[in-house]
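Step one of this worksheet: look at the structure below.
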Amino acid sequence: MTVTIDVPPSQPPRVVKPEGDATGADELAETLYTTAGRYEEVSDEAAQIQYVQGWIGDAADAYRGATATAGSEHAAMATTVQRVGRAVTAYADTLRDLLRTYDEQVDRKEALDARRTALIADINATAEATPDVVAALRERATELRIDYSDLVTDHDDLQRRVREAEALLRQAFVAGTSLDRALSEDGGVPQSAQDAMDRPGAPGSGASPEDVRDWWEGLSEAEREAVVTAYPELVGSADGLPAAVRDDANRVLLDDDLATLRSKEADGTISEDEDQVLANAEEAERALQEADTFEDPISGERPGGLLYLYEPGAFDGDGRVAVGVGDLDTADDVAVFTPGITTDMGDTSRYTGQMVDLYEATRYNGDGSSVATLFWLGYDAPDEFYDPATLTEGRAEDGGRRLADAVDGLRASRPDDPAHLTAIGHSYGSTTTSYAAGDHDLRADDVVLIGSPGAGPADEAGDFSVGEDHVYVGRDSRDFVATLGDEGWVGKFGAGLGTDPSSEDFGATRFEAERTDREWHTGVGDAHGSYLRHDTESLYNIGLIVDGHGDQVNGADQSYDPWYGGPVDPEADREPSSGVEGESKTQQPGP
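Be aware that the sequence shown starts at 1, since it is given in the UniProt record's numbering, and climbs by one per residue.
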C-alpha cells in the first residue's frame, strides 16, 4: 500500500536582509548634530554682534535687521537639522533591531530546513510503515507546515517594518529639503508625527497617564516610530508610556546632546550652561554603560539599562534623570529609589551602581522573580547640608508630588500586569517619599525609609497610603542624620523634618541596618551612606522587601524616648551581623 505524506516546501525562499549600515547612520547623525551646532553658533554670534556701540542711522538699522534675520534663520536651520539628525539616530537604532530580527529568522529557517531534511530522510527510510509510524510522520509534517507558515508571517512583518522605517526617514529628509520647509516651525517633522500629536491624550497636552497610555496604544507602529523621532522631549518624559519607549526617546536626546555639545566644546564656543549640560549628558552616558553591561547574577543575562528620564538642563543645571536596571515594563518586582541632599545629575553613575547592587541583592535573596531597580532624581534636591532648603520641607513636598506622579505613570503603563513596587527614600529623599505616601496617595506596595531625618507630614506609619504593615525603616545607630527626627516628647528644635520613623511612636517595622565595621568608621558620611553597600545588613533586608518578603526581614527594636533621659537606640549596643546578600533568604544572618 502506497502511503502519501505531504512534506511542505521550504518557506520563505530566502530571508531578505534589511539594507543599510547602522554604524554609517550613526556617523551621519553625528555629522548632522555637528552641523546643527554650527548653525547655533552663527545664531548666537548674530545676537552678540547685532548692536554696535555708537552706530546709529539707516545703515545701522539695516545692519541690525540683517543680523536679526540671519540669526533667526540659522536658529531655525539648527532646529531642522537637529530633527533630521534625531530621525537618523532613531533609524540606526531601529535598523539594529531589524538586523537582530533578521538573524533570528535566518536561524529559524535553517532549523526548519534541517527538520524538513530529516523528515524526508525518515520517510524514505520507512519501507513498510505501520499506521502509528505514518501518523507520527504526518504529525511532524503538519507541525513543520505550521512553523514554516509562522516564519513567513514574521518575515512579512519584518519587511513591512523595514519599509516603514525607510519611509519615516525619507519623510524626515523631505520635511527639511526646501528652504521654506527648513525655516518653518515644523521643519523636519513628518506629517504623520504631527497628526499623531494632534490626537487626544498626546504627551504635553495635560492628559493623565492613563490617557497617554490609551493614546499610545491607539497609534500604529509607524506612527509610534514617527512621534519618538520627532518629539523625543515629550515622549521621553511622558508618564504612562512604556519604559522602553521613554528609553528610546531619551537616548535620541542623549546622542544629540553628546554630539552637538562636544562639537561646540571642540570649537571653543560652548557656553557655561551648555558645558554643564554636556557634563550631565556624559554622566548619563557612563551610567547607561554600567547598566547595559551588568549581568544578572542568577541567569547570567544582561537585563539592560533604561534612561527613564533625561532633562540635563533642569533645576539650573542640577538636572533631572532616572536610570533603571532591568525591564521596568515586565519585572515582577520594581524598586524606585529617591536620593537626598547634595544629589544632582553628576551622581548618576554612582547611584546606578547602587541600583545594580540592589538588583543583585534582590535576586540573590529572592524567590526567582524578575527584578528592576530605578534611580529616580525627578525633584530638586537641596544642594548642601547648609542649604536653607535642607532645613525645610518645601523641596520634599514638591518632590513627593513628582514622585507620586512618576509611580502613577509606571502603574498606568502596566494596567494588566502590575508589579510589586517598593518606594525607597534615603535621607532627605525619605522625607520626599513620605510626602508622596502621606499626601499624594503613592501607589506603592511597600515603603522603605533609610537614614531618615524625619517622615515629613506623617506622625505615624498608618498615615501612609500603603498602610502601617508595609512601612519599613532602616537606621544605622551611628548615622547622625537619622537622629534629627522628632522622637517621643523631645523635638529637635526644628532641625529635623518630622517624626523619627524608627521610633516607637511612629510604629513602622524597623530592620537591622548596622555596619559590621562601624567601630572603625564613625564619620557621618560613612554611616549615612552605607545602606545600599555590599555585604550589609540593610541591603540584605531591603532586598527581601523589594522581593515582596518584608515579613522575613531581620527586625530591630525601635528607638524610644524615656521621660527620665534622652532618646535611646537599642541597636547601638547590638553586635552587627555579617552581610548575607549572596545567601538564600532562608539563611538568616547571625552574630
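Here a beta-carbon is modelled for each residue, glycine too, at the ideal position from N, C-alpha and C. On a predicted model such as this, the values are computed, not experimentally measured, just so you know.
{"Asked": "Can you say whether tyrosine 91 is buried or exposed, counting buried as having 16 or more other CB atoms within 10 angstroms of its CB?", "Found": "buried"}
{"Asked": "Given this structure, state the Cα-to-Cα distance separating proline 453 from histidine 528, to the nearest angstrom.", "Found": "11 Å"}
{"Asked": "Determine, using beta carbons only, whether serine 271 and glycine 37 come nearer to each other than 9 Å.", "Found": "no"}
{"Asked": "Could you give the DSSP three-state label for histidine 420: helix, strand or coil?", "Found": "strand"}
{"Asked": "On the criterion of 16 or more Cβ atoms from any shown chain inside 10 Å, does arginine 170 qualify as buried, or is it exposed?", "Found": "exposed"}
{"Asked": "Specify the secondary structure class of alanine 372 as computed by DSSP and reduced to three states.", "Found": "strand"}
{"Asked": "Tell me the DSSP secondary structure of tryptophan 520 in three-state form.", "Found": "No answer about tryptophan 520 holds up, because its pLDDT of 47 lies below 50 and its placement is not dependable."}
{"Asked": "Return yes when the Cβ of alanine 284 is within less than 9 Å of the Cβ of valine 323, no when it is not.", "Found": "yes"}
{"Asked": "Express the C-alpha separation of arginine 402 and arginine 408 in angstroms, rounding to a whole number.", "Found": "A quick correction: the sequence has aspartate, not arginine, at residue 408. Straight-line Cα distance between these residues: approximately 10 Å."}
{"Asked": "To the nearest whole angstrom, what separates the beta carbons of serine 434 and proline 457, a pair I think is in contact under 8 Å?", "Found": "7 Å"}
{"Asked": "Using the beta-carbon count (16 or more within 10 Å), is threonine 79 buried or exposed?", "Found": "buried"}
{"Asked": "Spell out the partners DSSP gives valine 334 in its beta bridges.", "Found": "Ala372 and Leu421"}
{"Asked": "Measuring alpha carbon to alpha carbon, tell me which of Ser477, Arg140, Leu539 and Ser559 ends up nearest aspartate 505.", "Found": "Ser559"}
{"Asked": "Below 9 Å between beta carbons: does that hold for valine 371 and threonine 352?", "Found": "no"}
{"Asked": "Taking the beta strand (DSSP E) that alanine 322 belongs to, which residues open and close that run?", "Found": "320-325"}
{"Asked": "Out of Leu261, Val356 and Glu274, which has the shortest C-alpha to C-alpha gap to residue 606?", "Found": "It is not possible to answer for residue 606, since the shown part of the chain is limited to 1 through 591."}
{"Asked": "Assign proline 13 to buried or exposed, taking buried as 16 or more other Cβ atoms, counted over all protein chains shown, within 10 Å of its Cβ.", "Found": "exposed"}
{"Asked": "Considering just the uninterrupted stretch of the alpha helix (DSSP H) at arginine 443, what are its terminal residues?", "Found": "Looking at the DSSP string, arginine 443 is not in any alpha helix (DSSP H), and its letter there is neither H nor E."}
{"Asked": "Classify leucine 115 as helix, strand or coil using the three-state DSSP reduction.", "Found": "Reading off the sequence shown, one finds arginine at residue 115, where the question assumed leucine. Here arginine 115 sits in helix by DSSP."}
{"Asked": "On the DSSP bridge assignment, give the partners of residue 642 in chain order.", "Found": "Summary: the structure shown does not reach residue 642, with the chain confined to residues 1 through 591, and so no result is reported for it."}
{"Asked": "Is the CB-CB distance between aspartate 333 and leucine 421 below 9 Å?", "Found": "yes"}
{"Asked": "If I follow the unbroken beta strand (DSSP E) through glycine 305, where does it start and stop?", "Found": "305-311"}
{"Asked": "Taking Cβ to Cβ, would you say aspartate 476 is nearer than 9 Å to tyrosine 540?", "Found": "no"}
{"Asked": "From the DSSP output, in three-state form, read off lysine 492 for me.", "Found": "The predicted model places lysine 492 with a pLDDT of 47, which falls under 50 and marks its position as unreliable; any figure quoted below should be read in that light. In the structure shown, lysine 492 sits in coil (DSSP, three-state: anything other than H, G, I, E or B)."}
{"Asked": "Answer with yes or no whether the minimum CB distance from leucine 241 to chain B is below 9 Å.", "Found": "This model lacks chain B altogether, as it is built from one protein chain only."}
{"Asked": "Closest to valine 42 by CA distance: which of Ser72, Ala60, Thr31 and His426 is it?", "Found": "Ser72"}
{"Asked": "At the level of alpha carbons, what is the spacing between glutamate 583 and glutamine 552?", "Found": "Reliability of the predicted coordinates at glutamate 583 is poor, the pLDDT of 42 falling under 50, and the value obtained from them is presented with this limitation in mind. Cα-Cα distance, rounded: 14 Å."}
{"Asked": "Among the candidates Leu95, Ser430 and Arg414, whose CA atom is the shortest distance from the CA of alanine 396?", "Found": "Ser430"}
{"Asked": "Note down, in chain order, each residue of its chain lying with its Cβ closer than 6 Å to the Cβ of proline 242, except the 5 sequence neighbours on either side.", "Found": "Asp329 and Ser413"}
{"Asked": "Rounded to whole angstroms, what's the CA-CA distance from threonine 432 to alanine 461? Just pull it up for me.", "Found": "15 Å"}
{"Asked": "Report yes if the CB atom of glutamate 487 is closer than 9 Å to the CB atom of aspartate 573, and no otherwise.", "Found": "no"}
{"Asked": "Out of Glu164, Ala238, Asp255 and Thr343, which has the shortest C-alpha to C-alpha gap to leucine 309?", "Found": "Ala238"}
{"Asked": "Looking at valine 228: is its Cβ nearer than 9 Å to the Cβ of aspartate 255?", "Found": "no"}
{"Asked": "Do the CB positions of valine 481 and valine 447 come within less than 9 Å of each other?", "Found": "no"}
{"Asked": "Could you give the first and the last residue of the continuous beta strand (DSSP E) run that contains phenylalanine 511?", "Found": "509-511"}
{"Asked": "Please state whether DSSP places tyrosine 231 in a helix, a strand or coil.", "Found": "coil"}
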